[in-house]
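Novice:
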Amino acid sequence: MNINLISDTVTRPSEGMLEAMMMAEVGDDVFKADPTVNLLESRTAELFGKESALFFPSGSMANQTAIKLHTQPGEQLICDKYAHVYNYEGGGVSFNSGVSCKLVDGNRGMMTAEQVEASINPPDFYHSPLTTLVCVENTTNKGGGACWDFGELVRIKEVCSTNNLAYHLDGARLWNALVAKKESAQQYGELFDTISICFSKGLGCPVGSVLVGSKKLMDKALRVRKILGGGMRQAGYLAAAAIYALDHNRERLSEDHQKAFEIGQILEDLHYIKKVEPIETNIIIFEIDETEMTEIEFVDKLGEKGISIIGMGQGKLRIVTHLDYTDAMHTSLLSTLKNL
Ligand SMILES: *Cc1c(COP(=O)(O)O)cnc(C)c1O
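Residues in the sequence shown are numbered consecutively from 112, following my numbering.
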């Protein structure tokens, strides 16, 4: 049995999802004439209580578009040092928008309102870049799937309002946070100017992200998406997968969370594992005691048993549970770990 836990992006479309894709009614989305894309966009916008939404081929492109909408070249955004927009989008912040990042030394990828406020450059001090945007991520990827305290997000919103800053949420795994914290998409829609959400992570789609915001912003986003090369034609085949996922794959994320929690409990008991980060959703980050076993040895040992996990460097490892990680795989993994 091969068990792939390197990421929740390794899932393949289920039979039901494939069927929905095959049956999709499509048109040319560059002319806004694909009924299935239009339906996904209107349904997602409505879910978040936003005026408008736009379908993207990737979460990175949705984030990069949002950053472009909210900034001008030379300006600065504020984000945590772990942020995906800073670490894992190929330097797109500077490439696409000519913007720099003020990095905050937060906790598991999350900042406090005080830290955000202290990171704003005084707008009349023309020697430093003008701060115009705050980006947060929920759940945090590098922070180990941690969920924000909603109250803190509200406090950061107040800082943004007072200081005339735009507020963007990288919600690649927001679906996981909503289920774990029993929160609503609506309450996030009320807080943020723009939100990007992925369908290709926990929701199990092959491709696709959506950006939500005001009609005015999304009209501009349409142009930016075109410039970035993200205008797709009969994209309804992909949007159909996302619609299917909205209907079928959200609530079940709690099963991934439960499995992650159970894996974490076993890891805690292994003497050569130094630390397991608190598990809130589907990501488990843990540290090996490298005097006992190296990170590479541990990954190889599991690899020999058909189990793939990923090393993050400095003795840190990551396991991510997902839709294609079955109950049978889970039972097998737990017993393998116990007997390793
Ligand atoms: C996966 C991810 C994205 C988007 O990634 P793509 O591979 O471009 O779809 C953005 N932010 C976070 C936190 C992610 O985990």
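Positions of the beta carbon are idealized from the N, C-alpha and C atoms, including for glycine.
If you compare alpha carbons, which of Glu398, Ser169, Leu244 and Asn218 is closest to Glu466?
Specialist: As shown, the chain starts at 112 and ends at 451. That puts residue 466 outside it, with no answer to give.
Novice: Take Ala356 and list the residues in its own chain whose beta-carbon comes closer than 8 Å to its own, dropping the five residues that flank it on each side.
Specialist: Met128, Phe310, Leu314, Gly315 and Cys316
Novice: With respect to the alpha helix (DSSP H) encompassing Ser171, which residues constitute its N-terminal and C-terminal limits?
Specialist: From DSSP, the alpha helix (DSSP H) with Ser171 extends over Gly170 to His181.
Novice: The beta strand (DSSP E) with Asp281 in it runs from where to where?
Specialist: Residue range Ala277 to Gly282 is occupied by the beta strand (DSSP E) that includes Asp281.
Novice: Go through its chain and collect everything with a Cβ distance to Gly426's Cβ below 6 Å, but skip five positions before and after it.
Specialist: Glu398, Ile399, Glu401 and Glu406
Novice: Using alpha carbons as the reference points, say which of Tyr348, Gln369 and Glu408 lies closest to Met134.
Specialist: Here the closest residue by C-alpha is Tyr348.
Novice: Please give me, in chain order, every unbroken run of the beta strand (DSSP E) with length at least 3 that falls completely inside the stretch 199–254.
Specialist: 211–215 and 242–248
Novice: Would you mind working out which of Val148, Val321, Glu388 and Asp216 sits nearest Ala177, comparing C-alpha positions?
Specialist: Val321
Novice: Could you name the residues that DSSP lists as bridge partners for Gln187?
Specialist: Secondary-structure assignment with DSSP links Gln187 through a beta bridge to Ser211 and Thr242.
Novice: Short of 6 Å in beta carbon distance, which residues of its chain neighbour Leu434, apart from the five on each side in sequence? Order them along the chain.
Specialist: Thr122 and Gly315
Novice: Residue range of the alpha helix (DSSP H) that Leu165 falls in?
Specialist: First-last for Leu165: Ser163 to Phe167, but that is the beta strand (DSSP E), not the alpha helix (DSSP H).
Novice: Suppose the cutoff is 7 Å on Cβ atoms and the five residues either side in sequence are ignored; what does the same chain contact list for Ala291 look like?
Specialist: Excluding five sequence positions before and after Ala291, the CB atoms of its chain that fall closer than 7 Å to its own CB belong to Cys258, His368, Glu391 and Thr392, given in chain order.
Novice: Is it buried or exposed, Arg336, if we count other Cβ atoms within 10 angstroms and call 16 or more buried?
Specialist: buried
Novice: His195: beta carbon under 7 Å from a heavy atom of ligand 1?
Specialist: Yes - ligand 1 has a heavy atom lying nearer than 7 Å to the Cβ of His195.
Novice: Is the CB-CB distance between Lys161 and Gly300 below 8 Å?
Specialist: yes
Novice: For Ile231 and Ile189, what's the separation of their Cα atoms in angstroms?
Specialist: 8 Å
Novice: Between the Cα of Glu186 and the Cα atoms of Glu403, Asp260 and Pro240, which residue gives the shortest distance?
Specialist: Pro240
Novice: Candidates Asn207, Ala131 and Ser118: which alpha carbon is nearest Asp183's?
Specialist: The identity of residue 183 in the sequence shown is Gln, whereas the question assumes Asp. Residue Asn207 is the option with its Cα nearest to Gln183.
Novice: Per the contact definition of three or more C-beta pairs closer than 8 Å, is the stretch 408–427 in contact with the stretch 271–278?
Specialist: no
Novice: What are the boundary residues of the beta strand (DSSP E) that includes Gly262?
Specialist: Not the beta strand (DSSP E): Gly262 falls in the alpha helix (DSSP H), residues Phe261 to Asn274.
Novice: Determine whether the beta carbon atoms of Glu388 and Gly217 lie at a separation below 8 Å.
Specialist: Taking 8 Å as the cut-off, the Cβ atoms of Glu388 and Gly217 do not count as close.
Novice: According to DSSP, simplified to helix, strand and coil, what is Lys143?
Specialist: In this structure, Lys143 counts as coil in the three-state DSSP scheme.
Novice: Output the distance between the C-alpha atoms of Phe261 and Val215, rounded to the nearest integer angstrom.
Specialist: 19 Å
Novice: Can you tell me which residues form a DSSP beta bridge with Asn115?
Specialist: Ser419
Novice: With C-beta atoms as the reference, is Asn115 less than 8 Å away from Ser419?
Specialist: Asn115 places its beta carbon less than 8 Å from that of Ser419.
Novice: Along the beta strand (DSSP E) that carries Phe454, what are the first and last residues, could you check?
Specialist: The question about residue 454 has no answer, for the chain in this structure spans 112 to 451.
Novice: Looking at ligand 1, does it come within less than 7 Å of Cys316, judged from the CB to the closest heavy atom?
Specialist: no
Novice: Provide the residue span of the alpha helix (DSSP H) that contains Val290, from first to last.
Specialist: Leu285 to Lys292
Novice: Work out the CA separation of Gln226 and Val204 for me, nearest whole Å.
Specialist: 21 Å
Novice: Identify every residue that forms a DSSP beta bridge with Ile306.
Specialist: In the DSSP output, where bridge partners are listed per residue, Ile306 has Leu280 and Val323.
Novice: Check whether the Cβ of Ser208 lies closer than 7 Å to any heavy atom of ligand 1, and answer yes or no.
Specialist: no
Novice: Cutting at 8 Å between CB atoms, please list the residues of its own chain near Arg105, excluding the five before and the five after it.
Specialist: Here the chain comprises residues numbered 112 to 451, so residue 105 is not present and cannot be evaluated.
Novice: Between the Cα of Ser125 and those of Ile421, Ile374, Ala352 and Phe372, spot the shortest distance and give me the residue it belongs to.
Specialist: Checked all of Ile421, Ile374, Ala352 and Phe372; the closest Cα to Ser125 is Ala352.
Novice: Tell me which residues share the same chain as Met404 and place their Cβ nearer than 7 Å to its Cβ, disregarding the 5 neighbours each side in the sequence.
Specialist: Tyr383
Novice: Would the C-beta of Ser311 count as close to ligand 3, meaning under 7 Å from any of its heavy atoms?
Specialist: As far as ligands go, the structure on display features ligand 1 and does not contain ligand 3.
Novice: Less than 8 Å separating the beta-carbons of Leu151 and Ile354?
Specialist: At the C-beta level, Leu151 and Ile354 come within 8 Å of one another.
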